[in-house]
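Novice:
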Amino acid sequence: MSRLSPKPSEIDGSDFSIAIVAARYNDVYVDGLLKGVQTELENAGVPAEKVLVERVPGSNELPIAVQLIAKHGNYDAIVALGAIIAGGTKHYELVADSSNIGLQQVALDTNVPVVNGVIVGDDEEQVKDRCVGTIPKGSEFGQCALEMARLRRGYL
Numbered sequence: 213m214s215r216l217s218p219k220p221s222e223i224d225g226s227d228f229s230i231a232i233v234a235a236r237y238n239d240v241y242v243d244g245l246l247k248g249v250q251t252e253l254e255n256a257g258v259p260a261e262k263v264l265v266e267r268v269p270g271s272n273e274l275p276i277a278v279q280l281i282a283k284h285g286n287y288d289a290i291v292a293l294g295a296i297i298a299g300g301t302k303h304y305e306l307v308a309d310s311s312n313i314g315l316q317q318v319a320l321d322t323n324v325p326v327v328n329g330v331i332v333g334d335d336e337e338q339v340k341d342r343c344v345g346t347i348p349k350g351s352e353f354g355q356c357a358l359e360m361a362r363l364r365r366g367y368l
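In our numbering, the protein residues as written are 213 to 368.
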């Protein structure tokens, strides 16, 4: 993952509705991402009552939950959060790939921006740095949601 992130833009989010779907698996790390997203949305003026937070068991369940929300809710953007750590088998690759492909497909099928906030690391230290450490990906995911919500609004 690159350590160079886009410069934050100033966006008034006071009229946006944003959904966040967060995995419970590796929750100590996912909760760090969630806090970063929520802080970014709050700083942009998104009202707390217009932010939906749903939890699912793991990253593999993110696409179906995001799809249900995209099809049956009225959200300007959806953020999917998860943390996947490589283990002794290739299972983590299957989960990472299926989650990634599923989230992208939901965005394309529904025209609702989906921010892929699933962190995949070779080890726990990489995931920790990006979720609760020195590389604050949660705030980047929140900023991305704001930018994509603004873009979507421009075409509705």
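For every residue, glycine included, the Cβ atom is placed at its ideal position computed from N, Cα and C.
Apply the 10 Å Cβ neighbour rule to R342 and answer buried if 16 or more other Cβ atoms are within range, or exposed otherwise.
Specialist: buried
Novice: Measuring straight from C-alpha to C-alpha, what distance separates T322 and K262?
Specialist: 20 Å
Novice: Between which residues of its own chain and A319 is the CB-CB distance below 7 Å, once the five residues before and five after are set aside?
Specialist: P325, V326
Novice: Hey, would you say V249 sits closer than 7 Å to I223, going by beta carbons?
Specialist: no
Novice: Inspect the CB distances between the segment 296 to 306 and the segment 344 to 351 and report whether three or more fall short of 8 Å.
Specialist: no
Novice: By the three-class DSSP mapping on this structure, what secondary structure does I276 have?
Specialist: helix
Novice: When the Cα atoms are used, what is the spatial distance from I296 to V307?
Specialist: 8 Å
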